[in-house]
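For the record, the sequence lines run as chains A and B. Last residue of the first sequence: 1510 (this note's numbering), numbering continuous. Last residue of the second sequence: 308 (this note's numbering), numbering continuous. We treat Cβ as the ideally placed atom computed from N, Cα and C, and that holds for glycine. Just so we're clear, the structure is a prediction, and the values are computed from it rather than from any experiment.
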Amino acid sequence: MIRTLQERGVHQGIDVFMECTVVGLLKDGDRVGGAIAYWRETGRFVIFRAKAVVLATGGYGKAWKVTSNSWEYTGDGHALAYEAGAELIDMEFFQFHPTGMIWPPGVMGILITEAVRGEGGVLTNSKGERFMWKYLPDNKRKEFAETPEESQKWVDMVVAGKQTDARRPPELSTRDNVARAIYTEVKEGRGTPHGGVWLDISFQDSDRVKKKLPSMYHQFKDLADVDITKQPMEVGPTAHYAMGGIRADPDSGASTVPGLFAAGECTGGMHGANRLGGNSLSDLVVFGRRAGMGAADFAKQNAQWPSVNEDEIQNHVHRAIAPFERSGEDPYAVHSALQDVMGKYVGIFRNERDLEEGLRQLLSVRQRIENTHVEGSVLFNPGWHLARDLENLAVCAEATCRAALLRKESRGAHSRTDFPKEDAKLAKVNMSVKKSQEGMAVSATPCPQMPDELRKLFE
Amino acid sequence: MTGDCTFKVFRGDRSGGELREYKVPVETGMVVLDAIHWIQSHAAPDLACRWNCKAARCGSCSAEVNGRPKLMCKTRLDDFPQGEPITVRPMKAFPVLKDLVTDVSSNYAMAKKIPAFTPQPDAAWKWYQNDIDRVQEFRKCIQCFLCQDVCHVLREHNKHAVFAGPAFFVSAAALEMHPIDGLDRTPLLKEALGIGYCNITKCCTEVCPEDIHITDNAIIPLKERVVDRYYDPLLRLWRKIRRLRAGAT
Ligand SMILES: Cc1cc2nc3c(=O)[nH]c(=O)nc-3n(C[C@H](O)[C@H](O)[C@H](O)COP(=O)(O)OP(=O)(O)OC[C@H]3O[C@@H](n4cnc5c(N)ncnc54)[C@H](O)[C@@H]3O)c2cc1C
Ligand code: SF4
Ligand code: SF4
Ligand code: FES
């Protein structure tokens, strides 16, 4: 999909500014009027004047140590929008994918695709128990196979491309549920040597496994010395996907700030409390197009160029180069500290005490972030880049923590041990985060109403 | 493999540079990219490298490890003799920007020259698995440019402007052999993509991390098309006659 989009883009003459990092949105009054960025190669700043801006910066999984996400997932768009006055919603919902690699240490967090379970992959604990049956929610239990035989039948039929009345294996429960189950098994002492559970596909025909899961086969063979056609994989939950983000109008991608649009993982609301597998890429192509058209319409209707404010630009530049002049810690150490706080207090299971403590520690990490010091020059300097990324991560981490405190229930990916049940009243609100005079403000806002033509589909 | 390992890493920019030594503690299963990350977070925070997926999928962490073009995220330290230093340099076929980061923009310029997938106007959108398997091999390309790095036409002779290089013969092959595509890129292969410069040394195939049979499955068949079209007089005559006939009916 990436290659196809890339090919189309290249030949349509789209200008791509590669390795150019946006550090601030420019404003003309209420309206967004462009962005300021720097070239990673040279460290030089560049101003983009624009009648409309679309953010598509992805998620913020780098707030956790064990993550499937790459270094770029630092919530830049979330933070840029927040600082420009936009609302973020659903920030308490962050998805932990149940199956990340856990051994050897260097590959910790790397994703194992859901397709392994789709092909019949079975999860067991150190005692050999197939534990997922225990964790099926009561109201969903009927949708799943009752016995290993029924489960195997489902797999065989699906593999053969046939219809079946057998129900699917319990391993195919939703991601939040499987992640919680694995976490609980390990916590209660039934984990594997490296602190995970077993995921086994080796009982399936080995040629089929190689053909259907070629990248998983190579990933384990090359990086972990495990032949998945013969041995089970050791797996554990990994921070994966941000359901929360910029509040964006579903038809136009418009954020709550005029001229600012957003699409993709940096937006909130699309996937509710728990995204289902495969839905991000479909989200991107549909809502990416809508946001593009929304921004184009806005630019046409507001044809006057926004004005550029020299002071604002200077402020952004000063802020960006400040790490060279400060005397604090190295950004890598501070990043690690932030990840520790998030892992310990704002992880899969949460409660009031942990979240309060997490928030307190995050605020002190934020002070360390504001004082980081970097070495070297402005030429392609990863340390410098990280120093700025940390400021963005700090916004996302704090927002996640504050929204999680406010949602006193368990729903989807947000599990509160002190409020283990869903609360029907809270189904009707989105937690909304916004910058205010006093700092970060969080409040419950009513969920948008479902349009009639959609509601009919559910009746 | 545990203990310390000495890394000699290129540090420098367009104006030149040198190898610098770093001692890195080694963990089980460690790859070269882990070592580079360790150096960044403990010794040289400004050490520049590209990476993204850490799973040999994105093709951004290419470098030369002990002189061999490699994906750093897939190159295990236990593949090297214990106790000996490991050298990491940027790809030589491209200009250095900084440390391990190179300017690969010549590749993007080349990509623009190859017209995208263009379905035949009357395409039935139905094809056989065999046909798809063939182009699927080429679609595995992760654009790591290791094949470009090792190809002497680019590496020694700097023909970046006139020679597409193995990676782009792979992408051209994916389009040319696609059962539904209707464009003819043979003239382009001969002229702008300079396929004639390739003398089938197969070095590119040896380094491809995706095991694409670049030479046998992409380059040679494409070369055959060029030869058929331009250098086989009998075939050319036949085509002419066929065209004349087609014109007459
Ligand atoms: C390992 C893995 C496997 C996945 N598999 C699937 C799957 O099978 N199916 C599925 O539906 N989803 C999957 N997902 C989720 C899906 O890939 C992501 O949600 C999706 O790619 C997000 O797309 P995006 O366009 O919103 O952002 P991204 O694809 O993350 O793109 C963000 C872009 O913004 C750029 N950027 C960020 N900050 C800045 C800045 N400050 N200045 C300039 N540029 C910036 C980044 O460089 C990047 O190019 C997977 C995710 C991961 C990590
Ligand atoms: S086979 Fe051709 S393209 Fe490949 S390395 Fe040799 S000369 Fe270059
Ligand atoms: S053909 Fe192979 S070596 Fe060349 S760019 Fe593609 S994946 Fe890399
Ligand atoms: S980091 Fe993606 S290929 Fe190495």
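Looking only at C-alpha atoms, which of A:1445, A:1473, A:1232 sits nearest to residue 1186 of chain A?
Comparing alpha-carbon positions, the option among A:1445, A:1473, A:1232 lying closest to residue 1186 of chain A turns out to be A:1232.
Buried or exposed: residue 1436 of chain A, going by 16 or more other Cβ atoms within 10 Å of its Cβ?
Within 10 angstroms of the beta-carbon of residue 1436 of chain A lie 16 or more other beta-carbons, which makes it buried.
Which runs of the alpha helix (DSSP H) fall wholly inside the region 180–251 of chain B and span at least 4 residues, in chain order?
Listed in chain order, the complete alpha helix (DSSP H) runs (minimum 4 residues) inside the region 180–251 of chain B are 188–198, 205–209, 211–214, 225–235, 245–249.
Determine the direct distance from the alpha carbon of residue 300 of chain B to that of residue 307 of chain B, and round the result to whole angstroms.
Only weak support is given to the placement of residue 307 of chain B: the predicted model assigns it a pLDDT of 47, under 50, and the question is left unresolved by the model.
Tell me whether residue 1509 of chain A is buried or exposed, calling it buried when 16 or more other Cβ atoms sit within 10 Å of its Cβ.
In this structure residue 1509 of chain A is exposed. Its beta-carbon is surrounded by fewer than 16 other beta-carbon atoms within 10 angstroms.
Show which residues of chain B have a CB atom less than 7 Å away from the CB atom of residue 1381 of chain A.
Simply 104.
Whose Cβ in chain B lies nearer than 8 Å to the Cβ of residue 1275 of chain A?
The answer, in chain order, is 88.
Residue range of the beta strand (DSSP E) that includes residue 1297 of chain A
It spans 1296–1298 - the beta strand (DSSP E) in which residue 1297 of chain A sits, taken as one unbroken run.
Beta carbon proximity, residue 112 of chain B to chain A, threshold 8 Å
Answer yes: the Cβ-Cβ gap between residue 112 of chain B and chain A drops below 8 Å somewhere.
Note down the Cα distance separating residue 1421 of chain A from residue 198 of chain B, rounded to an integer number of angstroms.
For residue 1421 of chain A and residue 198 of chain B, the distance between alpha carbons rounds to 45 Å.
Is residue 268 of chain B a contact residue of ligand 5, with contact defined as CB to any heavy atom under 7 Å?
This structure does not include ligand 5; its bound ligands are ligand 1, ligand 2, ligand 3 and ligand 4.
Is it true that the CB of residue 1452 of chain A sits closer than 8 Å to the CB of residue 1409 of chain A?
Yes; because the gap between Cβ atoms is below 8 Å, this pair is in contact.
Kindly say whether residue 1520 of chain A, judged by its beta-carbon, lies nearer than 8 Å to any beta-carbon of chain B.
Because chain A spans 1052 through 1510 in this model, residue 1520 of chain A falls outside it and cannot be assessed.
Taking residue 1366 of chain A as the reference, which of A:1307, A:1327, A:1076, A:1499 has the closest Cα?
Residue A:1076 is the option with its Cα nearest to residue 1366 of chain A.
Contacts that residue 1425 of chain A makes with chain B (C-beta to C-beta distance below 9 Å)
Taking a Cβ-Cβ threshold of 9 Å, the residues of chain B close to residue 1425 of chain A are 104, 105, in chain order.
When DSSP builds the beta bridges, which residues end up paired with residue 121 of chain B?
B:130, per the DSSP bridge assignment.
Run down chain A in chain order and give the residues with a C-beta less than 9 Å from the C-beta of residue 115 of chain B.
Result: 1266, 1269, 1270, 1273, 1274.
Can you check whether the C-beta of residue 1309 of chain A is within less than 8 Å of a C-beta belonging to chain B?
Not one chain B Cβ lies under 8 Å of residue 1309 of chain A.
I need the straight-line Cα distance from residue 1097 of chain A to residue 150 of chain B, nearest angstrom please.
Between the alpha carbons of residue 1097 of chain A and residue 150 of chain B lies a gap of roughly 28 Å.
Suppose you measure from the CA of residue 1255 of chain A to the CA of residue 1263 of chain A; what does that come to, to the nearest Å?
Straight across, the Cα-Cα distance linking residue 1255 of chain A with residue 1263 of chain A is about 11 Å.
Taking the runs of the alpha helix (DSSP H) that are 4 residues or longer, which of them lie wholly in the region 1176–1220 of chain A?
You should have 1199–1210.
Can you name the residues that DSSP bridges to residue 1483 of chain A?
Looking at the DSSP assignment, residue 1483 of chain A forms a beta bridge with A:1140, A:1494.
With distances taken Cα to Cα, identify the nearest neighbour of residue 1386 of chain A among A:1439, A:1205, A:1288.
Comparing Cα-Cα distances from residue 1386 of chain A to each of A:1439, A:1205, A:1288, the minimum goes to A:1439.
Per-residue burial, residue 134 of chain B [other beta carbons within 10 Å of its own, 16 or more giving buried]
By the 10 Å Cβ count, residue 134 of chain B comes out buried.
Curious, which full-length alpha helix (DSSP H) runs of at least 4 residues does the region 1228–1296 of chain A contain?
Fully enclosed alpha helix (DSSP H) runs of 4 or longer: 1257–1263, 1265–1275.
List, in chain order, every chain B residue whose beta-carbon is nearer than 9 Å to that of residue 1161 of chain A.
Simply 112, 113, 114.
Considering residue 1316 of chain A, what are the terminal residues of the beta strand (DSSP E) in which it resides?
No residue range can be given for residue 1316 of chain A, since it is assigned to no beta strand (DSSP E) and is classified by DSSP as neither H nor E.
Counting only the same chain and skipping the five closest in sequence on each side, list residues whose C-beta sits under 6 Å from that of residue 1127 of chain A.
Excluding positions up to five away in sequence, the list reads 1108, 1443.
With hydrogens ignored, establish whether the beta-carbon of residue 216 of chain B is closer than 7 Å to any heavy atom of ligand 2.
In this structure, residue 216 of chain B has its CB at a distance of at least 7 Å from all heavy atoms of ligand 2.
Three-way DSSP call (helix, strand, coil) for residue 1502 of chain A in this model:
Here residue 1502 of chain A sits in coil by DSSP.
Suppose contacts are defined by Cβ-Cβ distances below 8 Å. Is residue 1140 of chain A in contact with residue 1295 of chain A by that definition?
Contact: yes.
Using a Cβ-Cβ distance under 8 Å, would residue 197 of chain B count as near chain A?
So, not an interface residue.
Throw me the rounded Cβ distance for the residue 78 of chain B and residue 158 of chain B pair, which I believe falls under 8 Å.
That pair is no contact at about 11 Å.
Distance CB(residue 156 of chain B)-CB(residue 1431 of chain A) smaller than 8 Å:
It is a contact, given that the beta carbons lie within the stated cut-off.
What residue range does the beta strand (DSSP E) around residue 1146 of chain A cover?
1145–1152 is the extent of the beta strand (DSSP E) around residue 1146 of chain A.
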